[in-house]
Amino acid sequence: QQAEAVVHSSFRRLSGREKKEMQREILSILGLPGRPRPHPPLRPPSSAPLFMLDLYHAVSAEGDEEGNAVPGNGAGMGKFGAADGHAALPTLSTHTPPLGTVVSEADTVMSFVNLVEQERDLLQPRPYWKEFRFDLTPLPQGETVTAAEFRIYKTLTMGQRANRTLHISVYEIQRENRHREPELVLLDMQSLPAGQEGWLAFDVTSASNRWLLHPRSNLGIRLYVETEEDRSLSAGWIGLVGRRGPRSKQPFMVTFFRASQAPCRPPR
Amino acid sequence: ALKPHPRKKKPKYDLPVPSIHGEVSQPHANSGRQACKKHELYVSFSDLGWKDWVLAPTGYSAYYCDGECLYPLGSCMNATNHALIQQVVHLLKPDEVPKACCAPTKLSPISVLFYDDNNNVILKKHRNMVVKTCGC
Numbered sequence: 174q175q176a177e178a179v180v181h182s183s184f185r186r187l188s189g190r191e192k193k194e195m196q197r198e199i200l201s202i203l204g205l206p207g208r209p210r211p212h213p214p215l216r217p218p219s220s221a222p223l224f225m226l227d228l229y230h231a232v233s234a235e236g237d238e239e240g241n242a243v244p245g246n247g248a249g250m251g252k253f254g255a256a257d258g259h260a261a262l263p264t265l266s267t268h269t270p271p272l273g274t275v276v277s278e279a280d281t282v283m284s285f286v287n288l289v290e291q292e293r294d295l296l297q298p299r300p301y302w303k304e305f306r307f308d309l310t311p312l313p314q315g316e317t318v319t320a321a322e323f324r325i326y327k328t329l330t331m332g333q334r335a336n337r338t339l340h341i342s343v344y345e346i347q348r349e350n351r352h353r354e355p356e357l358v359l360l361d362m363q364s365l366p367a368g369q370e371g372w373l374a375f376d377v378t379s380a381s382n383r384w385l386l387h388p389r390s391n392l393g394i395r396l397y398v399e400t401e402e403d404r405s406l407s408a409g410w411i412g413l414v415g416r417r418g419p420r421s422k423q424p425f426m427v428t429f430f431r432a433s434q435a436p437c438r439p440p441r
Numbered sequence: 430a431l432k433p434h435p436r437k438k439k440p441k442y443d444l445p446v447p448s449i450h451g452e453v454s455q456p457h458a459n460s461g462r463q464a465c466k467k468h469e470l471y472v473s474f475s476d477l478g479w480k481d482w483v484l485a486p487t488g489y490s491a492y493y494c495d496g497e498c499l500y501p502l503g504s505c506m507n508a509t510n511h512a513l514i515q516q517v518v519h520l521l522k523p524d525e526v527p528k529a530c531c532a533p534t535k536l537s538p539i540s541v542l543f544y545d546d547n548n549n550v551i552l553k554k555h556r557n558m559v560v561k562t563c564g565c
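Line by line, the protein sequences are chains A and B.
Okay, so the first sequence: first residue is 174 according to my numbering, each after it adds one.
Okay, so the second sequence: first residue is 430 according to my numbering, each after it adds one.
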């Protein structure tokens with residue numbers, strides 16, 4: 174601890190100019206923009222940061238082990254090998270890509286907070302649905318999308334037969350029509366027992382590609398829940414958490430990017 | 430490949446001439462100076478006021494070499510520049526000049542997790558960006 178204390182205090186003993194130089198060097202090495210976040214919200218949602226923190230530790234551990242597979246349990250991983258803190262429920266597609274390839278090959282990973290949420294629920298005619306819209310930050314320079322996930326948390330609810338199977342489907346809203354239903358494109362679908370709890374991860378890669386290239390086409394996604402008898406159920410009624418739910422379980426989107434060509438190191 | 434002629438003018442950087450048995454004379458060896466060693470300067474991000482901007486890591490460790498090299502080329506250079514020049518001289522005369530002890534032996538990746546201005550969380554990974562290990 175004494176050696177660590179000496180190391181930790183050494184920065185404070187630098188002069189003001191040296192501290193500024195050190196700060197500029199660190200910003201350049203980490204590739205951070207020049208100034209801290211202008212006005213952090215008081216109580217931001219914490220689901221995305223928790224997920225990303227898991228990802229950070231997995232990626233850093235892999236960096237230290239020089240290319241070994243990203244650690245974390247395989248069974249509960251999301252489609253794209255997210256770290257175990259956010260193990261997703263079993264998905265329709267039996268084939269889960271090798272653990273973490275999308276994560277370990279990504280140069281940038283961005284998580285987006287859910288801005289707008291609308292729904293048609295029990296008070297309105299069926300079919301019930303829930304819509305989510307995200308504020309996608311501009312594409313990082315010279316990088317392309319390799320994968321994107323929409324993550325939503327399902328809790329246990331009373332009055333559900335635990336072994337009943339639910340079909341949850343996610344669509345991209347491609348065009349809105351004033352007096353008619355919007356044009357939708359199916360992105361992903363999952364079936365799971367009603368008695369299951371945990372994070373659900375839906376593949377929305379194709380939609381996020383379009384949104385990032387044409388931001389105006391970002392009209393969000395729409396989620397439906399149906400029983401095996403094709404009866405529509407409300408998302409909230411089966412326990413899907415929305416923006417008014419606990420902060421650590423609110424829905425979010427995460428997108429993985431890869432540098433299009435070998436990134437040249439900025440001259441320092 | 431030519432053997433340095435003993436009567437020749439001493440080179441500008443007073444390159445120590447290997448003796449007959451091939452050991453290299455150490456002008457500073459017994460002057461009690463500290464041998465070259467890797468040091469760490471740790472910068473805590475809370476010291477910089479970045480605590481609610483950068484989620485991880487919590488700080489940055491800058492590694493540098495300091496001290497007297499076993500094969501000093503000249504006192505006017507700092508350890509890192511000295512290492513680079515010695516590395517070049519070693520490549521030119523591998524039999525006479527040993528490898529520099531402070532040359533970086535590997536470049537490591539570094540990752541950072543931070544908030545952008547829209548409160549989205551971004552994880553950035555830079556490959557081959559930092560020196561954590563050297564020959565010291």
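From the three backbone atoms N, C-alpha and C, an ideal C-beta is built for every residue, glycine too.
Predicted model, so just to flag it, every value in this text is computed and none were measured.
Using a beta-carbon distance below 9 Å, is Asn547(B) in contact with chain A? In the second sequence, the residue the question calls residue 547(B) occupies position 118. Answer yes: the Cβ-Cβ gap between Asn547(B) and chain A drops below 9 Å somewhere.
Taking a Cβ distance cut-off of 8 Å, strictly less, list which residues of the segment 277 to 300 of chain A are near chain E, in chain order. The question asks about chain E, but that chain is absent: this structure's protein chains are A and B.
Neighbour flag for Gly415(A) against chain B, beta carbons, 9 Å: As a working note, residue 415(A) is residue 242 in the first sequence. No, because no Cβ of chain B sits closer than 9 Å to the Cβ of Gly415(A).
Are the CB atoms of Ala367(A) and Leu385(A) nearer to each other than 9 Å? Residue 367(A) sits at position 194 when you count from the first residue of the first sequence. Residue 385(A) sits at position 212 when you count from the first residue of the first sequence. Not closer than 9 Å, so no.
Which partner residues of Ile394(A) appear in the DSSP bridge assignment? As a first step, residue 394(A) must be located in the first sequence, where it is residue number 221. DSSP, once it has assigned bridges, lists Phe305(A), Glu345(A) as partnering Ile394(A).
I need the DSSP call for His511(B), collapsed to helix, strand or coil. Here residue 511(B) refers to the residue found at position 82 of the second sequence. In the structure shown, His511(B) sits in a helix (DSSP, three-state: H, G or I).
Shorter than 9 Å from the beta carbon of Asp476(B) to some beta carbon of chain A? Residue 476(B) sits at position 47 when you count from the first residue of the second sequence. Chain A, which has a Cβ nearer than 9 Å to the Cβ of Asp476(B), makes this yes.
Terminal residues of the beta strand (DSSP E) in which Gln363(A) lies: If you number the first sequence from 1, residue 363(A) lands on position 190. Here the beta strand (DSSP E) through Gln363(A) covers 356 to 366.
Which residues does DSSP list as the beta-bridge partners of Val289(A)? Within the first sequence, numbered from 1, the residue matching residue 289(A) stands at position 116. Its beta-bridge partners are Arg306(A).
What's the C-alpha gap between Thr534(B) and Leu203(A)? Stepping through the second sequence from its first residue, residue 534(B) is reached at position 105. Stepping through the first sequence from its first residue, residue 203(A) is reached at position 30. Each residue's alpha carbon lies about 21 Å from the other.
Does the segment 417 to 427 of chain A come within contact of the segment 271 to 290 of chain A, defined as at least 3 CB pairs closer than 8 Å? yes
If the cut is a Cβ gap below 9 Å, which residues of chain A does Val559(B) touch? Locating residue 559(B) in the second sequence gives position 130, where the first residue counts as 1. Those are Ile202, listed as they occur along chain A.
Where Asn557(B) sits in the DSSP three-state scheme: Here residue 557(B) refers to the residue found at position 128 of the second sequence. DSSP places Asn557(B) in strand when its eight states are reduced to three.
Name the chain B residues that come within less than 8 Å of Leu365(A), Cβ to Cβ? If you number the first sequence from 1, residue 365(A) lands on position 192. In chain order: nothing, as chain B lies at least about 27 Å away.
Spell out whether any CB of chain B is found under 9 Å from the CB atom of Ser405(A). Looking up residue 405(A) in the first sequence gives position 232. By this cut-off, Ser405(A) is not an interface position.
Indicate the three-state DSSP secondary structure (helix, strand or coil) for Phe474(B) in the structure shown. Within the second sequence, residue 474(B) is the residue found at index 45, counting from 1. In the structure shown, Phe474(B) sits in coil (DSSP, three-state: anything other than H, G, I, E or B).
According to DSSP, simplified to helix, strand and coil, what is Phe430(A)? Working through the first sequence from its first residue, we reach residue 430(A) at position 257. Residue state, collapsed to three classes: strand.
Amino acids of chain B, ordered along the chain, whose beta-carbon sits closer than 9 Å to that of Leu205(A): Residue numbering aside, residue 205(A) sits at position 32 when the first sequence is read from its first letter. Within 9 Å Cβ-Cβ: Trp479, Trp482, Val483, Val541, Phe543, Lys553.
What does Ile394(A) reach in chain B if we use C-beta pairs closer than 8 Å? On the first sequence, residue 394(A) is found 221 positions in, with the first residue counted as 1. The contacting residues do not exist; Ile394(A) stays about 17 Å from chain B at best.
For Arg185(A), return the contacting residues in chain B, with the cut-off set at a CB-CB distance below 8 Å. On the first sequence, position 12 is the one that residue 185(A) refers to. Near Arg185(A) (Cβ distances below 8 Å), the residues of chain B are Asp476.
Counted within 10 angstroms of its Cβ, other Cβ atoms place Thr428(A) as buried (16 or more) or exposed: The count along the first sequence starts at 1 and reaches residue 428(A) at position 255. Classification for Thr428(A): buried.
When DSSP builds the beta bridges, which residues end up paired with Val483(B)? The residue you call residue 483(B) lines up with position 54 of the second sequence. Its beta-bridge partners are Phe543(B).
Same chain, Cβ closer than 8 Å to Asn557(B), five either side skipped, listed in chain order: Here residue 557(B) corresponds to residue number 128 of the second sequence, with the count starting at 1. Result list for Asn557(B): Leu536, Ser537, Pro538, in chain order.
DSSP-derived helix/strand/coil call for Ser407(A): Taking the first residue of the first sequence as position 1, residue 407(A) is located at position 234. Ser407(A): coil per DSSP, three-state reduction.
Relative to the C-alpha of Gly167(A), which candidate in Phe323(A), Thr281(A), Thr330(A) has its C-alpha closest? Given that chain A is displayed from residue 174 to residue 441, the structure contains no residue 167(A) and the question cannot be resolved.
Should Pro355(A) and Arg293(A) be called a contact, given that it needs their Cβ atoms to be closer than 9 Å? Your numbering for residue 355(A) matches position 182 in the first sequence. Your numbering for residue 293(A) matches position 120 in the first sequence. Against a cut-off of 9 Å, the Cβ pair of Arg293(A) and Pro355(A) comes out as no contact.
Kindly indicate the opening and closing residues of the beta strand (DSSP E) around Ala491(B). Counting from 1 along the second sequence, the entry for residue 491(B) is found at position 62. Unbroken beta strand (DSSP E) run through Ala491(B): 488 to 495.
Helix, strand or coil: how does DSSP classify Asp294(A) here? Numbered from 1 along the first sequence, position 121 holds the residue referred to as residue 294(A). Correct three-state label for Asp294(A): coil.
Could you run through the segment 223 to 236 of chain A and flag, in chain order, every residue whose CB is less than 9 Å away from some CB of chain B? Phe224, Met225, Leu226, Leu228, Tyr229, His230, Val232, Ser233, Glu235, Gly236
Can Leu359(A) and Ser381(A) be called in contact, C-beta distance under 9 Å? Walking along the first sequence from the start, residue 359(A) turns up at place 186. Walking along the first sequence from the start, residue 381(A) turns up at place 208. Against a cut-off of 9 Å, the Cβ pair of Ser381(A) and Leu359(A) comes out as no contact.
Around the C-beta of Pro222(A), are 16 or more other C-beta atoms found within 10 angstroms, so that it is buried, or is it exposed? Position 49 of the first sequence, counting from 1, holds the residue named residue 222(A). Its Cβ being crowded by 16 or more others within 10 Å, Pro222(A) is buried.
Within 9 Å of any Cβ in chain B, is that where the Cβ of Gly245(A) sits? Counted from its first residue, the first sequence places residue 245(A) at position 72. With a pLDDT of 32 at Gly245(A), under the threshold of 50, the modelled position of that residue is not reliable, and the figure given next carries that caveat. It does not: the Cβ of Gly245(A) has no partner Cβ on chain B nearer than 9 Å.
Own chain residues within Cβ distance below 6 Å of Met283(A), not counting five before or after: Taking the first residue of the first sequence as 1, we reach residue 283(A) at position 110. Closer than 6 Å at the Cβ level, and outside the excluded window around Met283(A), lie Thr428.
Against chain B, with Cβ distances strictly below 9 Å, would Ala256(A) count as a contact? Numbered from its first residue, the first sequence carries residue 256(A) at position 83. Since pLDDT at Ala256(A) reaches only 41, below the 50 mark, its modelled position is unreliable, and the value read off the structure follows with that caveat. No, because no Cβ of chain B sits closer than 9 Å to the Cβ of Ala256(A).
Is any beta-carbon of chain A found at less than 9 Å from that of Pro486(B)? If you number the second sequence from 1, residue 486(B) lands on position 57. For Pro486(B), the answer is yes, since a Cβ of chain A falls inside 9 Å of its Cβ.
Output, in chain order, the set of chain A residues within a Cβ distance shorter than 9 Å of Leu470(B). Stepping through the second sequence from its first residue, residue 470(B) is reached at position 41. Ordered by position in chain A, the residues that pass the 9 Å Cβ test against Leu470(B) are Val180, Ser183, Phe184, Leu187, Met195.
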